[in-house]
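**Q** Below are the structure tokens for one structure; questions will follow.
There are 2 protein chains.
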Amino acid sequence: MSLYEGGEMARAKRTTKEKLLDAAEKLFARKGYHGTSLRQITREAGVDLALVNYHFGGKEKLFEAVLDRRGAMLNEERLRRLEEVCRAAAPRPAATEAVVGAFFDPILDFLEHAGPGWHSYFSLLAWVNNSPQWGKRLMGKTFNATVKRFIEALMDSLPKAAPEDIYWGYNFLTGALTLSLAETGRLDVLSGGLCRSVDVAALRARLGPFVAAGLRGLAQRGG
Amino acid sequence: MSLYEGGEMARAKRTTKEKLLDAAEKLFARKGYHGTSLRQITREAGVDLALVNYHFGGKEKLFEAVLDRRGAMLNEERLRRLEEVCRAAAPRPAATEAVVGAFFDPILDFLEHAGPGWHSYFSLLAWVNNSPQWGKRLMGKTFNATVKRFIEALMDSLPKAAPEDIYWGYNFLTGALTLSLAETGRLDVLSGGLCRSVDVAALRARLGPFVAAGLRGLAQRGG
DNA sequence: GTCTATAGCTTGATAGAC
DNA sequence: GTCTATCAAGCTATAGAC
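As they're listed, the protein sequences go chains A and B. Heads up, the first sequence is in the numbering used here, so the first residue is 4 and it goes up one at a time. Heads up, the second sequence is in the numbering used here, so the first residue is 4 and it goes up one at a time.
Take a look at the structure:
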């Protein structure tokens, strides 16, 4: 199973657990946790209603399992690339652009080369990240350890910046990223069709430069 | 009624309609549309369940009324400030920093000087903006006309930038803004308490510089 | 592991008295 | 405008047959 096929095997070979995860991922991404019922999920998965409780132990556990599945893969790939750019730059710290790239590129690569499951997953992640109900606990559980490594690397790359500036900068960075991943179609409407929410190449060309320049601007704030 | 008290009068003087809007705003912001029931809303408002249908015609209409109420005030204030900075700079175009300030400052002023209703409203807005279900239609209905004016002003301020860069830049800008408004508390956890999600002064000092630098970086992309 | 059947509860909406 | 009472539908979860 290649990196980019993670969790998206041919229909015939998927286990019941995977069918449920795939269906839940798709529907939770569209309508949120409370807006999706187990009946809709099991219908989409072609599986009996009672099997959610057998395999996962309830709706909320299923929700967390959906977030965990690809979150672990994302963390692995991000850390691999962070280590790569740090090693390439040693003994100097990696440049801001390189650190930011190690954070964004795994997502963009999954979106460009993998199946629709990753699109749903990232859209769901955007929703969770902006949710007062889920954001703090669920994002933290999956991503805090990795994010702290990236924040350290950003601080190393911008030694003149105050730590507060880097924390706020990370907040802006992840906000810009997650809205882009939500694929709401709003960008399409505003631009009259000139830009498309799902155009990963266009996003890749602009997100890194915007964020790196923004972080540098923060680091030189006032001086 | 001063600008900053909009919709938040003394408890005794509020009409039933306003009580319902205030309660719905607070609860929708915390748990989303599907996560909030009309029974919770009417209990919080101290009002009978049946009155939602009498005054608004259903749950979804109530939801849209919540978004409309303060959205109109926000648009007015944003356009007033945009005109101000454009007039001050004429005949040259207003600077990127000034346009971005006219877009952010009304929100930051409402958060700093007005009651908790505005916090709930902006938190709800963050959620709606990142929702595939609601984002395109509801954000567009309330904000498209105003946003188009700001995008034009941004294009004028950065004549070397391609229109696509400005549209994507606006997307990043609003993502950074809305995650900050969601007040999920995640920033507090990541920074070990050094930064606080609800610290409007800290946000004000950093959001404008980050975004303006990001937009300039986009405009000079590759060259 | 899977499926049937159902318990126990909450939901949004409304008819009709006042 | 307000309130009581209620309806039909949908919800999560589970006990128990296979």
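Every residue, glycine too, gets a C-beta built ideally from N, C-alpha and C.
(1) Does the ligand ADP have even one heavy atom less than 7 Å from the beta-carbon of Gly217/B?
(2) Express the C-alpha separation of Arg90/A and Arg81/B in angstroms, rounding to a whole number.
(3) With a threshold of 8 Å between beta carbons, is Glu167/B in contact with chain A?
(4) Just the Cα atoms here: how many angstroms apart are Gln136/B and Leu30/B?
(5) For a cutoff of 8 Å on Cβ pairs, would you count Met142/A as touching chain B?
(6) Between Ile110/A and Val203/A, what straight-line distance do the alpha-carbon atoms span, to the nearest angstrom?
(7) With the cut-off set at 8 Å, would you say Ala222/A and Ala164/A are in Cβ contact?
(8) Would you say Asn147/B faces chain A, with C-beta separation under 8 Å as the test?
(9) Under 9 Å, CB to CB, which of the residues in the segment 12-44 of chain A have a partner in chain B?
(10) Starting from Arg33/B, follow the alpha helix (DSSP H) in both directions and report where the run begins and ends.
(11) Just list the alpha helix (DSSP H) runs in the segment 124-164 of chain B, keeping only unbroken ones of 4 residues or longer that don't cross its boundaries, in chain order.
(12) Tell me, please, whether the segment 69-79 of chain B touches the segment 181-195 of chain B by the rule of three or more beta-carbon pairs shorter than 8 Å.
(13) Verify whether the separation of the beta carbon atoms of Arg83/A and Asp108/A is less than 8 Å.
(14) Hey, is Cys89/A's beta-carbon within less than 8 Å of any beta-carbon in chain B?
(15) Is the segment 149-158 of chain A in contact with the segment 150-157 of chain B, if contact means three or more CB pairs nearer than 8 Å?
(16) Compare the C-beta of Leu221/B against all C-beta atoms of chain A and say whether one is closer than 8 Å.
(17) Given a cut-off of 8 Å, decide if Leu41/A and Pro24/A are closer than it, judged by their beta-carbon atoms.
(18) State the Cα-Cα distance for the pair Ala148/B and Glu79/B, rounded to the nearest angstrom.
(19) Go ahead and pull the three-state DSSP assignment for Glu79/B.
(20) How big is the Cα-Cα spacing for Met4/B and His122/B?
(21) Using a Cβ-Cβ cutoff of less than 6 Å, which residues in the same chain neighbour Ala101/B once the five nearest sequence positions on both sides are dropped?
(22) With DSSP as the reference, label Val50/A as helix, strand or coil.
(23) Just to confirm my understanding: we take Trp171/A, look at its own chain, exclude 5 residues before and 5 after, and list those with CB closer than 8 Å. What are they?
(24) For Ser126/B, go through chain A and note every residue whose CB falls closer than 8 Å to its CB, in chain order.
(25) I'd like to know whether the C-beta of Met69/A is nearer than 8 Å to at least one C-beta of chain B.
(26) What distance in whole Å lies between the Cβ atoms of Ser183/A and Asn174/B, which are believed to be in contact at a cut-off of 8 Å?
(27) Can you check whether the CB of Ala129/B is closer than 8 Å to the CB of Ala179/A?
(28) Answer with buried or exposed for Tyr57/A, where buried requires no fewer than 16 other C-beta atoms within 10 angstroms of its C-beta.
(29) Within 10 Å of its beta-carbon, does Ala117/B have 16 or more other beta-carbons around it, so buried, or fewer, so exposed?
(30) Given this structure, state the Cα-to-Cα distance separating Gly138/B from Gly49/B, to the nearest angstrom.
(31) Below 8 Å on C-beta distance, what does Ser160/A contact in chain B?
(32) Report the residue from Gly61/B, Thr39/B, Gly35/B, Ile44/B whose alpha carbon sits nearest the alpha carbon of Phe125/B.
(33) Check whether the Cβ atoms of Glu28/A and Leu127/A sit closer than 8 Å, and answer yes or no.
(34) Rounded to whole angstroms, what's the CA-CA distance from Gly38/A to Ile44/A? Just pull it up for me.
(35) If the cut is a Cβ gap below 7 Å, which residues of chain A does Val214/B touch?
(36) Assign Leu197/A to one of three DSSP states: helix, strand, or coil.
**A** From the atom records:
(1) Only the bare structure without any ligand can be found here, which leaves the ligand ADP out of the picture.
(2) As a working mapping, residue 81/B is identified with position 78 in the second sequence. As a working mapping, residue 90/A is identified with position 87 in the first sequence. Rounded to the nearest whole angstrom, the CA to CA distance from Arg81/B to Arg90/A is 47 Å.
(3) Locating residue 167/B in the second sequence gives position 164, where the first residue counts as 1. True, the Cβ-Cβ gap to chain A drops below 8 Å.
(4) Position 133 of the second sequence, counted from the start, is the residue given in the question as residue 136/B. Position 27 of the second sequence, counted from the start, is the residue given in the question as residue 30/B. Cα-Cα distance, rounded: 18 Å.
(5) Within the first sequence, residue 142/A is the residue found at index 139, counting from 1. Yes - at least one Cβ of chain B is within 8 Å of the one on Met142/A.
(6) Within the first sequence, residue 110/A is the residue found at index 107, counting from 1. Within the first sequence, residue 203/A is the residue found at index 200, counting from 1. Each residue's alpha carbon lies about 10 Å from the other.
(7) In the first sequence, counting from the first residue as 1, residue 222/A sits at position 219. In the first sequence, counting from the first residue as 1, residue 164/A sits at position 161. Yes. Within cutoff.
(8) Locating residue 147/B in the second sequence gives position 144, counting from the first residue. Closer than 8 Å to some Cβ of chain A, the Cβ of Asn147/B qualifies, so yes.
(9) Result list: Ala32, Arg33, Lys34, Gly35, Tyr36, His37, Gly38, Thr39.
(10) Position 30 of the second sequence, counting from 1, holds the residue named residue 33/B. Segment 19-34, the alpha helix (DSSP H) holding Arg33/B.
(11) 143-160, all fully within the segment 124-164 of chain B.
(12) Segments in contact, no.
(13) Counting from one through the first sequence, the residue named residue 83/A turns up at place 80. Counting from one through the first sequence, the residue named residue 108/A turns up at place 105. Going by C-beta atoms, Arg83/A is not nearer than 8 Å to Asp108/A.
(14) Residue numbering aside, residue 89/A sits at position 86 when the first sequence is read from its first letter. Any Cβ of chain B closer than 8 Å to the Cβ of Cys89/A would place that residue at the interface, and such an atom is absent.
(15) Cβ pair count under 8 Å is below three, so no.
(16) Position 218 of the second sequence, counting from 1, holds the residue named residue 221/B. Yes, Leu221/B lies at the interface with chain A (some Cβ there is under 8 Å from its Cβ).
(17) As a working note, residue 24/A is residue 21 in the first sequence. As a working note, residue 41/A is residue 38 in the first sequence. Strictly speaking, residue 24/A in this sequence is Leu, with Pro absent from that position. Contact: no.
(18) Along the second sequence, one-based indexing puts residue 148/B at 145. Along the second sequence, one-based indexing puts residue 79/B at 76. Rounded to whole angstroms, Ala148/B to Glu79/B spans 11 Å at the Cα level.
(19) Against the second sequence, residue 79/B aligns to sequence position 76. DSSP places Glu79/B in helix when its eight states are reduced to three.
(20) Position 1 of the second sequence, counted from the first residue, corresponds to residue 4/B. Position 119 of the second sequence, counted from the first residue, corresponds to residue 122/B. Confidence at Met4/B is low in this model, with a pLDDT of 46, below 50, so the placement of that residue should be treated as unreliable; the coordinate-derived value is given next. Rounded to the nearest angstrom, the two C-alpha atoms are 19 Å apart.
(21) Numbered from its first residue, the second sequence carries residue 101/B at position 98. So the qualifying residues of the chain are Val88.
(22) Position 47 of the first sequence, counted from the start, is the residue given in the question as residue 50/A. In the structure shown, the three-state DSSP call for Val50/A is coil.
(23) For the purposes of this step, residue 171/A is identified with residue 168 of the first sequence, where counting begins at 1. Excluding sequence neighbours, Trp171/A sits near Leu221.
(24) As a first step, residue 126/B must be located in the second sequence, where it is residue number 123. Those within 8 Å of Ser126/B in chain A are Pro135.
(25) The sequence position of residue 69/A within the first sequence is 66, counting from 1. Residue 69/A is actually Val in this sequence, not Met. Using a CB distance cut-off of 8 Å, Val69/A does not count as an interface residue toward chain B.
(26) As a working mapping, residue 174/B is identified with position 171 in the second sequence. As a working mapping, residue 183/A is identified with position 180 in the first sequence. The beta carbons of Asn174/B and Ser183/A sit about 6 Å from each other, so the pair counts as a contact at 8 Å.
(27) Sequence index remark: in the first sequence, residue 179/A carries index 176 (1-based). Sequence index remark: in the second sequence, residue 129/B carries index 126 (1-based). Their beta carbons are not under 8 Å apart, which means Ala179/A does not touch Ala129/B by this criterion.
(28) Numbered from its first residue, the first sequence carries residue 57/A at position 54. Tyr57/A should be labelled exposed.
(29) The residue labelled residue 117/B in the question sits at position 114 within the second sequence. So Ala117/B counts as buried.
(30) Against the second sequence, residue 138/B aligns to sequence position 135. Against the second sequence, residue 49/B aligns to sequence position 46. One C-alpha to the other measures close to 30 Å.
(31) Taking the first residue of the first sequence as position 1, residue 160/A is located at position 157. Residues of chain B passing the Cβ test: none, with the nearest at roughly 15 Å.
(32) In the second sequence, residue 125/B corresponds to position 122, counting from 1. Selected option, being the one with the closest Cα: Gly35/B.
(33) Reading the first sequence from its first residue, position 25 is the one you call residue 28/A. Reading the first sequence from its first residue, position 124 is the one you call residue 127/A. Inclusion of Glu28/A and Leu127/A in the CB contact set at 8 Å is warranted, their separation being smaller than that value.
(34) Sequence index remark: in the first sequence, residue 38/A carries index 35 (1-based). Sequence index remark: in the first sequence, residue 44/A carries index 41 (1-based). Gly38/A and Ile44/A: Cα-Cα distance of roughly 11 Å.
(35) Taking the second sequence and counting its residues from 1, one reaches residue 214/B at position 211. For Val214/B, the neighbours in chain A by C-beta distance under 7 Å run, in chain order, Gly217.
(36) Here residue 197/A refers to the residue found at position 194 when the first sequence is read from its first residue. Coil at Leu197/A, not helix or strand.
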